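*Asks:*
There are 2 protein chains.
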Amino acid sequence: MLPNVEARTLQLGRELFTRIKVKKSKSGGWWNSKLIDMSMKDEALKIQLFRFVDVLPALRDSKQVARHMDEYFNAPGHQFPGIMSWGMSLGASLAGLSSLTASLGAGAVRKSVEEMARTFISGTTPADAIKAVSAFRKKHLAATLDQLGEAVVSEVEAEAYFQKYLALLDAMILEAPLWPADSLIDSDSRGAIPRINLSIKLSSLYSQLDPLDAKGSRNGIAGRLEHLLDRAMAAGAFVNIDMEDYRLKDLTLGIFMEVAGSPKYRAYRHLGIVLQAYLKESLSDLKTLANWAKHRGTPVTVRLVKGAYWDYESIHAQQHGWPIPVFAKKSETDANFEACSLLLLQSYPHLEAAFGSHNVRSIAAALAQSESLKLPKNAIEIQGLYGMADPLKEALAEMGWRMRVYMPFGELLPGMAYLVRRLLENTANESFLRQGFVENVSEEKLLENPAPDVNLSARVSGMAPAVQDISKPAPGPRRFQNEPETAFLTIKERAEFSAALDGVRKQFGRHWPLMIGNKEEKGEAGEIMSLNPSRLSEVVGIVAKASVAQAGRAIEAAKKSFPAWRDLGVKARAEILRKAAAIMRKRKFELCAWEVFEAGKPWREADGDVAEAIDFLEYYALHAERIMAPSVRSQVPGEVNENFYQPRGVAAVISPWNFPLAILTGMASAALVCGNTVIIKPPEPTPIIGALLMNILREAGVPDGVANFLPGSGREVGAHLVTHPDVNLIAFTGSRGVGLWINSEAAQTRAGQQGVKKVICEMGGKNAIIVDEDADLDEAVLGVMQSAFGYAGQKCSACSRAIVVGSAYEPFLRRLQEAVGSIKVAAADDPGCRVPPVIDSHAQKTIQEYIEIGRKEAPLAFSGELGALKAQGSFVAPTIFKDVPPHARIAQEEIFGPVLCVMKAADFSAALHVALDVPFALTGGIFSRSPANIARARAEFRVGNLYINRGTTGAKVDRQPFGGFKMSGIGSKAGGSDYLLQFLEPRTITENTLRRGFAPPVEESGE
Amino acid sequence: MLPNVEARTLQLGRELFTRIKVKKSKSGGWWNSKLIDMSMKDEALKIQLFRFVDVLPALRDSKQVARHMDEYFNAPGHQFPGIMSWGMSLGASLAGLSSLTASLGAGAVRKSVEEMARTFISGTTPADAIKAVSAFRKKHLAATLDQLGEAVVSEVEAEAYFQKYLALLDAMILEAPLWPADSLIDSDSRGAIPRINLSIKLSSLYSQLDPLDAKGSRNGIAGRLEHLLDRAMAAGAFVNIDMEDYRLKDLTLGIFMEVAGSPKYRAYRHLGIVLQAYLKESLSDLKTLANWAKHRGTPVTVRLVKGAYWDYESIHAQQHGWPIPVFAKKSETDANFEACSLLLLQSYPHLEAAFGSHNVRSIAAALAQSESLKLPKNAIEIQGLYGMADPLKEALAEMGWRMRVYMPFGELLPGMAYLVRRLLENTANESFLRQGFVENVSEEKLLENPAPDVNLSARVSGMAPAVQDISKPAPGPRRFQNEPETAFLTIKERAEFSAALDGVRKQFGRHWPLMIGNKEEKGEAGEIMSLNPSRLSEVVGIVAKASVAQAGRAIEAAKKSFPAWRDLGVKARAEILRKAAAIMRKRKFELCAWEVFEAGKPWREADGDVAEAIDFLEYYALHAERIMAPSVRSQVPGEVNENFYQPRGVAAVISPWNFPLAILTGMASAALVCGNTVIIKPPEPTPIIGALLMNILREAGVPDGVANFLPGSGREVGAHLVTHPDVNLIAFTGSRGVGLWINSEAAQTRAGQQGVKKVICEMGGKNAIIVDEDADLDEAVLGVMQSAFGYAGQKCSACSRAIVVGSAYEPFLRRLQEAVGSIKVAAADDPGCRVPPVIDSHAQKTIQEYIEIGRKEAPLAFSGELGALKAQGSFVAPTIFKDVPPHARIAQEEIFGPVLCVMKAADFSAALHVALDVPFALTGGIFSRSPANIARARAEFRVGNLYINRGTTGAKVDRQPFGGFKMSGIGSKAGGSDYLLQFLEPRTITENTLRRGFAPPVEESGE
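Just so you know, the protein sequences line up as chains H and P, in that order. Note that the numbering used here has the first sequence beginning at 2, numbered continuously upward. Note that the numbering used here has the second sequence beginning at 2, numbered continuously upward.
Below is the structure:
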């Protein structure tokens, strides 16, 4: 940075501080200041406080408020007696709390929180907001209005939101002309600027925005967005497209540039977009925007901010194993802000600059840069949030800069998300406001250059490196890490996936042989036609169908190859699994494409399935190395005890079609890595994916006969495997009926049988999600919908019952119906597909029969339209029944399709009772913000996998070892630390090392 | 110690050193010095070298010697190329080793070791020994002769050993008078002493010495011992009773005092005994001896030594959890030696002193003490071992002290044990000879007072504390420790056990009710008469017999009590188990007594069973606390995953009679501590022991209905439990037939059944021990005998096949026949009982049928006589078949009685093949000193529990988790870390902790 700019920055900063000091005053009521103060000192209290604030608007009476206060602030491990007495009327004793349930206290608390919200939110109605704008104008401060809203989960909600903006615009068109003119805020370097200024989030205008389906997203949003722009243009209003999370960033920029660049809007000047300096990509995005704007010919405004979702972006990326898109350190973001501000100012007049920050240093630097570039003072704008850093705003206005206030308004309930974000921002350790106004960090420190050694101009021009992310992964021993799912944020990823689909399409109709021992064979029982469920006319491939005699030969081959494989050692076997994982990683989109066509899996679901297959290979490889390392102990001298495991022998792997690669790979690789040899009996609808695995295993180095591939009839070939005396282990995942049959057959001892057969058996589910009265419905609706209708409900983990507590029933059901009505039923290869076909005509028929049964048992709440799809593939429309009696067949039997029962429960206890009153115990879910009910669910909601405040599908290897009990399964959880034990037999060797009264010392290992 | 004694000690010590220096010369050949030097520098080489020396005499040709050298000194992890080239002819390359197999090298090695042995062993024949005595006499050194022998495992061997001593005595009687007189060694303070001096070990004279059966041991040894004493007395020879291991110490002292105090020998002066100063009890034993000798009236000689089995005593005690009888530190032993020597000298003339040590300080101190007490110089004797510290011996003789050499002689094979003991002694870090003659520690240091602060006279008189054992247990977290078995070394223990037998005998005929829920019930199906298998006329008790209806009520009670027990938490349940363990510990001998009478268990076996029951309680309590603690992890931020286990519900525990308390307690306590409720179905022959457990559980705090007691018919009550839909888990140990039936029945899903039943099932075995060609037959014979005939072979772990390799067959079989012919078949309450009756007449009949089958299949090698026992109880005589074909029924089917097949194998491979060629895979054993064959057995002898160089029974909780595969069992090993998992179902709870973009930090725990 040029030294004069840095000097000027410091000068401007000091001037701002001087002016601020004069204005600084205590703000808000005690809740606001006192509790924010306290939460800065006590991290545990902060969490509880913000969570309480979050749930508060959902509580319908004082009794509930009092109960939640008790749960949040007076529970073991979370006792904050101070808060309790403050929340209640003064002097109320803790002991008497329960008697205070409906007391004034709870009302007072609600009032206090509302007051706190009001410091950040300008009002409830458009009228409130317009009044606030008018008041600010009197202080020479401009405004932009933001309509707060719940998450938009359906097109009904998007439409409502859109209508609200139209109404706001209409109201302002009437009011704005009446405001006295103010040259500071009503004009810029080129003349008059709009008095009406709106900020809009794209996700509010369309419920199905999805970067994977970029084209569908643009098409879906176009109508409302253009309508709004047309009205704004007619009124000469400014429309700013706000930036949301990173996931939508490229999509938002793309839509903005496409729309603003289109002939209709190309000449309109009063459009704006936002860039977030905390994103590592922001400087490069700004360059793209500058080039685009130059080409467009009319300037647009870019609001440069730091970004408000830092925690979320960081967590979200880590959860998916993606690169973290934000800078790790606050100072990196600050430095990048200054680089971006310089570039933004340099891009004048193609881009017009607005700086949204409360950081005095950042603002002063932008102003100094602007001066050094000799830009007119009114060419730039400073923006600040309503309710924050008011002295700074006033100081800037006083100094003659154009200052605009970002003014959210709306209902308290959706406002809470905004409130909590502001509270987090203000209480964060690195917050400028916290440092400057609470912790009294010195001015000089606050004004320090975040990147003193960098030539900013060089950085902006690309001559010096961009801001470096200095976060580093923690070093440590080899750890399992989940294979990241594909984000589908880039055009490149989407194009590659499409190309893979094309590539596979070209292979339709190929023949796929059996593999027995070391040779491929034709099927002695004929052929299996593998069809595309999305278009039943398409034959994906023709697969050999094994005879019982071939099954016998496969068993023989597996038996023969067992000793050498067993003796190869776990390290070598684990390396083969890792090699298979590497092959899958390399061929990921191709494997996905086969799943799209053979299993009818939509893009993301297919991608998830392949990622899970890779996870199983990596996890079991690592785990086998761990558990198969002998534990050598010498509990007493003169005796060495070695505990270890050996494989069981020949394993039959009988897998389902719904996770055609993952589950098959999981079961087969678990068996293999432990030293068993396997016979892969793929499911009848997805044998090609089985063949692909077979080929990958061979490519990875699995020797002849160690893995055999045996597609065929379950009743014939499957049954032969189960009952054959030389099959030592059966790993099965599938239906309850078949599972129980296998278990019972395998328990018979037949002539020639060496040992008792081991059965590992995962069966069905009839999974419930409880939606508590205080649930966050934004999340509950999406969570239930995804769990029930993802992959058309064809997951054993799928939610097939939503049990809704009390007053949440009506709003939940309404929003759910609307949400399900907004998602797209389509062929699986359509990137917009949210509900694909079911696996085949047989499944379609069974599910439709269940829907008919349901119609007799309960009122239909929603039934989708299929239109032309009906004739094309095995589609079933998403279906919701409401008020379903707990013992209705559709509430008790596994349907395995897109059919959801919504049931009402009087209270949480009743909900729990209904949830558990089925023959299965696989997954379960609960959406609740009641710590007590969450604790109760943890203890009493006895299912294999319970999910709290999220959907019930998508278990990850290692993170969610998967499996249930009751009629849901036998044995231990897949992807968990006990799983491999099932494929092994334990052995103990005891050596007496005492000879002639003397025993050598022993080195112990393991356990 | 009085200062003048200490000063005189140093003076004498210095004089000895001066004289020694003059005499010191290199001894023996290079093997002796060079290899001993090397093994002092390399601990790993020392172990291999001594083990090689140990096996060498058992190798029948040069080829075997070469193979073993290769295995010991040229294996991965044990490469000592130096040794290899030394052992082989000079310059032989390692690469050419295999071609050298039958080379001269191997012969040279054998010669070298024999030479080394000869430095410590005075000769092979009595004539050699007598010649050596004569030679020593010329140097004015007296001698005592010790006939080396193999371990005496039978009365045939004891008789042979006895005859050898008689022959030696006869030979000496002829020779001794011819030796020239030597006044230094042929007389003491009272006149002439015998020229003939023998040292004898009691364990060589009688094969069944057992402290538990003190009376039987005395009776058994009396004939031979008195015969020998009579002959010695007639010849005027000196007989010294040598001391062996601590286990026999009290027994040996007792027999010595009883015999020497009897009228016939009371006046005979030339008898001696040994005390070992490393024993903590030795000072007190010496006082006892002194009092006894005073009372006797004629002196006896006490040889005071340090003791030669320090490693063994220390290891053996730790293996059994007993207090270590020896001092931990060498200095403590040295100090105790000086205390004992003072007391011994003070006891003159009742006791006459002999000091056996090569430690200059110890000898000097004894001499100084003797002077200070003004004893005549020839009142005491110094003794030293043949081949060790010759300069010291000569110096002492020169100085006019009477010096006697302890001279072992005999065959090389039994001599090796002695050789290795001497090698260990010389190479131990604390060895005086090593320090003085190898490491050149200064004389002053070597002469240091081991207890400078102690007044020795006060210590001896009991006014100052005895030598303190300064070893301390290592501190650490709570660890599982096996309950020690009763040693039965003290009269007190034996008397208490006898009293417990009497106490239980008085309760014979009592009625024992069922326990269902909270109340005792009579049996609706009648009564079970529990008989004493040792005396079938005795009714031990009358036990209620449950009906099927009662079984139903018990299931109901267990189901009802499940939720509260499940929710009690693992800590509280574990405490109840620990309380039950404490009760059992307190009532140990009473419980043993019930087992003696109801199960026909001999004392030690009963004691072991109760100890194991205690172990199960303690181990599962600790383990449940560990595994039931939830593992909380947050692999990614914003997500908390909790993995934990829940109990399964109602468990039926169906247990066997052969470990009537241990197995029942193990299965029931595993189920209980995990939170399951149980129905205890005890075995039909031992229901009272089940009732005792039931009562103990209630006393320990198991609530009503959580444990129910349901003796009854297996076919009715057992079957009802297995098939009932409300029984969730069946834990069974018993026969293969019943086990497979249970497994198959439990795998059927019946109406009303909630989940798939879990079966934990341990079944039979047909276990083999392989006796390799190079096995130590002393150990192999005893190990096989104990494994095959302990508790009359009624253990699933019992050895029922001994597979003997090559040339070992004949000697093994002969010694085994003789050994089995020497053990006592008796009623279980007889402390001498080694083979008790089988459990009941039904079992007796089955086993006898198998013996009849055996007679047709193979030659009978041994069949015991029952005599009067036949009519008294359900006895079966121990039976051995030889040359049994591998597929004979008696070699394939589980007989569960005292019947052993001995089979010959051409080589180790053939032995392994035969061992594995049965339907079971429970235990196995191998006796071998070939590192390669041991390694091969580790890899290929695939059984649940393999034992190397020890018997196959007596698995200890935690040390030997127990259980097998093939037809031997389903599931994981009892007493091991995976066992409890079977009683549990895994659950996973995933909480999304991200709310409003913010997630609190997480404390992880577990896993």
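From the three backbone atoms N, C-alpha and C, an ideal C-beta is built for every residue, glycine too. Keep in mind that this is a model prediction, so the values were computed, not measured.
Does the beta carbon of glutamine 636 of chain P sit closer than 9 Å to a beta carbon anywhere in chain H?
*Replies:* Looking up residue 636 of chain P in the second sequence gives position 635. Chain H contact via Cβ: present.
*Asks:* Alpha carbons only, please: which of H:Pro648, H:Glu227, H:Leu502, H:Trp604 is nearest the one belonging to glutamate 486 of chain H?
*Replies:* Looking up residue 486 of chain H in the first sequence gives position 485. Looking at the Cα atoms, H:Trp604 is the closest of the given residues.
*Asks:* Closer than 7 Å, Cβ to Cβ, to anything on chain P: give me those residues from the region 294-323 of chain H, in chain order.
*Replies:* Those would be Tyr310, Asp312, Tyr313, Ile316, Gln319, Gln320, in chain order.
*Asks:* Does any CB atom of chain P fall closer than 9 Å to the CB of serine 204 of chain H?
*Replies:* Start at 1 with the first residue of the first sequence, and residue 204 of chain H comes out as number 203. Cβ-Cβ to chain P under 9 Å: no for serine 204 of chain H.
*Asks:* Would DSSP call methionine 774 of chain P helix, strand or coil?
*Replies:* Translated into positions along the second sequence, residue 774 of chain P becomes position 773. Contrary to the premise, residue 774 of chain P reads as glutamate rather than methionine in this sequence. The answer is coil: DSSP assigns glutamate 774 of chain P none of H, G, I, E or B.
*Asks:* Could you tell me the alpha carbon to alpha carbon distance between alanine 583 of chain P and isoleucine 697 of chain P, rounded to whole angstroms?
*Replies:* For the purposes of this step, residue 583 of chain P is taken as residue 582 along the second sequence, with counting starting at 1. For the purposes of this step, residue 697 of chain P is taken as residue 696 along the second sequence, with counting starting at 1. When rounded, the distance between both Cα atoms is 10 Å.
*Asks:* Could you name each continuous alpha helix (DSSP H) segment of 4 residues or more that falls completely within the region 351-399 of chain P, going from the start of the chain to the end?
*Replies:* Counting whole runs of 4 or more residues, the region 351-399 of chain P contains the alpha helix (DSSP H) stretches 361-373, 391-399.
*Asks:* Compute the Euclidean distance between the alpha carbons of aspartate 147 of chain P and aspartate 779 of chain P, then round it to the nearest angstrom.
*Replies:* The residue given as residue 147 of chain P occupies position 146 in the second sequence. The residue given as residue 779 of chain P occupies position 778 in the second sequence. Each residue's alpha carbon lies about 19 Å from the other.
*Asks:* Span of the alpha helix (DSSP H) holding isoleucine 260 of chain P?
*Replies:* As a first step, residue 260 of chain P is located in the second sequence; it is residue number 259 there, counting from the start. It should be pointed out that residue 260 of chain P corresponds to valine in this sequence rather than to isoleucine. Run containing valine 260 of chain P: 250-261, per the alpha helix (DSSP H) assignment.
*Asks:* Would you mind telling me which residues of chain H sit closer than 7 Å to glutamine 647 of chain P, beta carbon to beta carbon, in chain order?
*Replies:* Stepping through the second sequence from its first residue, residue 647 of chain P is reached at position 646. Result: Arg943.
*Asks:* Hey, how far is the Cα of leucine 386 of chain P from the Cα of glutamine 277 of chain P?
*Replies:* For the purposes of this step, residue 386 of chain P is taken as residue 385 along the second sequence, with counting starting at 1. For the purposes of this step, residue 277 of chain P is taken as residue 276 along the second sequence, with counting starting at 1. If you take the alpha carbons of leucine 386 of chain P and glutamine 277 of chain P, they lie about 15 Å apart.
*Asks:* For a contact defined as C-beta to C-beta under 7 Å, what are the partners of tyrosine 1 of chain P on chain H?
*Replies:* It is not possible to answer for residue 1 of chain P, since the shown part of chain P is limited to 2 through 1008.
*Asks:* Beta carbons nearer than 8 Å to chain H: which residues of the region 420-445 of chain P have them?
*Replies:* Hits within the stretch, in order: Val421, Arg422, Leu425.
*Asks:* Based on Cα-Cα distance, which residue from H:Phe984, H:Ala789, H:Phe909 lies nearest to arginine 951 of chain H?
*Replies:* Taking the first sequence and counting its residues from 1, the one referred to as residue 951 of chain H is at position 950. Of the candidates H:Phe984, H:Ala789, H:Phe909, the one whose C-alpha sits nearest the C-alpha of arginine 951 of chain H is H:Ala789.
*Asks:* Near valine 6 of chain H, what residues of its chain come up, given a Cβ to Cβ distance below 7 Å and the 5 sequence neighbours on each side ignored?
*Replies:* The residue you call residue 6 of chain H lines up with position 5 of the first sequence. Result list for valine 6 of chain H: Ala369, Gln370, Ser373, in chain order.
*Asks:* Beta-carbon separation of histidine 624 of chain P and tyrosine 948 of chain P under 9 Å?
*Replies:* Stepping through the second sequence from its first residue, residue 624 of chain P is reached at position 623. Stepping through the second sequence from its first residue, residue 948 of chain P is reached at position 947. Contact: no.
*Asks:* Show which residues of chain A have a CB atom less than 7 Å away from the CB atom of glutamine 277 of chain P.
*Replies:* No chain A appears in the structure shown, which is made up of the protein chains H and P.
*Asks:* Which of helix, strand or coil does DSSP assign to methionine 764 of chain P?
*Replies:* Here residue 764 of chain P is taken as the residue at index 763 of the second sequence, counted from 1. DSSP places methionine 764 of chain P in coil when its eight states are reduced to three.
*Asks:* At 7 Å on the CB atoms, spell out the chain P contacts of asparagine 744 of chain H, in chain order.
*Replies:* Working through the first sequence from its first residue, we reach residue 744 of chain H at position 743. Chain P residues near asparagine 744 of chain H: Ala748, Val757.
*Asks:* So glycine 791 of chain P and threonine 954 of chain P are supposed to be a Cβ contact under 8 Å. How far apart are they, rounded?
*Replies:* The residue you call residue 791 of chain P lines up with position 790 of the second sequence. The residue you call residue 954 of chain P lines up with position 953 of the second sequence. Right, the Cβ-Cβ distance comes to about 6 Å (below 8 Å), so this counts as a contact.
*Asks:* Under the three-state reduction of DSSP, which class applies to glycine 822 of chain H: helix, strand or coil?
*Replies:* As a working mapping, residue 822 of chain H is identified with position 821 in the first sequence. Of the three classes helix, strand and coil, the one that applies to glycine 822 of chain H here is helix, per DSSP.
*Asks:* Judging by CA-CA distance, which residue of P:Phe863, P:Cys797, P:Arg588, P:Lys561 is the nearest neighbour of glycine 766 of chain P?
*Replies:* Position 765 of the second sequence, counted from the start, is the residue given in the question as residue 766 of chain P. Comparing Cα positions, the closest option is P:Cys797.
*Asks:* Interface residues of chain P around methionine 968 of chain H at Cβ under 7 Å?
*Replies:* Numbered from its first residue, the first sequence carries residue 968 of chain H at position 967. Within chain P, the residues near methionine 968 of chain H are Gly756.
*Asks:* Taking alanine 365 of chain P as the reference, which of P:Arg554, P:Asp841, P:Lys857, P:Phe18 has the closest Cα?
*Replies:* Counted from its first residue, the second sequence places residue 365 of chain P at position 364. Comparing Cα positions, the closest option is P:Phe18.
*Asks:* Taking only beta-carbon atoms, is leucine 947 of chain P less than 9 Å away from chain H?
*Replies:* Here the question's residue 947 of chain P lines up with position 946 in the second sequence. Judged by the 9 Å Cβ criterion, leucine 947 of chain P is in contact with chain H.
*Asks:* Between the C-alpha atoms of leucine 1097 of chain H and threonine 299 of chain H, what's the straight-line distance to the nearest angstrom?
*Replies:* Residue coverage of chain H in this structure runs from 2 to 1008, which leaves residue 1097 of chain H outside it and unanswerable.
*Asks:* Between the region 904-924 of chain H and the region 883-894 of chain H, do three or more beta carbon pairs fall short of 8 Å?
*Replies:* With a cut-off of 8 Å, the region 883-894 of chain H and the region 904-924 of chain H count as touching, because enough Cβ pairs lie within range.
*Asks:* Which of the three DSSP states, helix, strand or coil, is assigned to glutamine 80 of chain H?
*Replies:* As a position in the first sequence, residue 80 of chain H is number 79, starting the count at 1. Three-state DSSP puts glutamine 80 of chain H in a strand.
*Asks:* By Cβ distance below 6 Å, which residues in the same chain neighbour proline 127 of chain H in space, the five residues on each side in sequence not counted?
*Replies:* On the first sequence, position 126 is the one that residue 127 of chain H refers to. Once the five neighbours on either side are set aside, the close Cβ partners of proline 127 of chain H are Leu169, Ala172.
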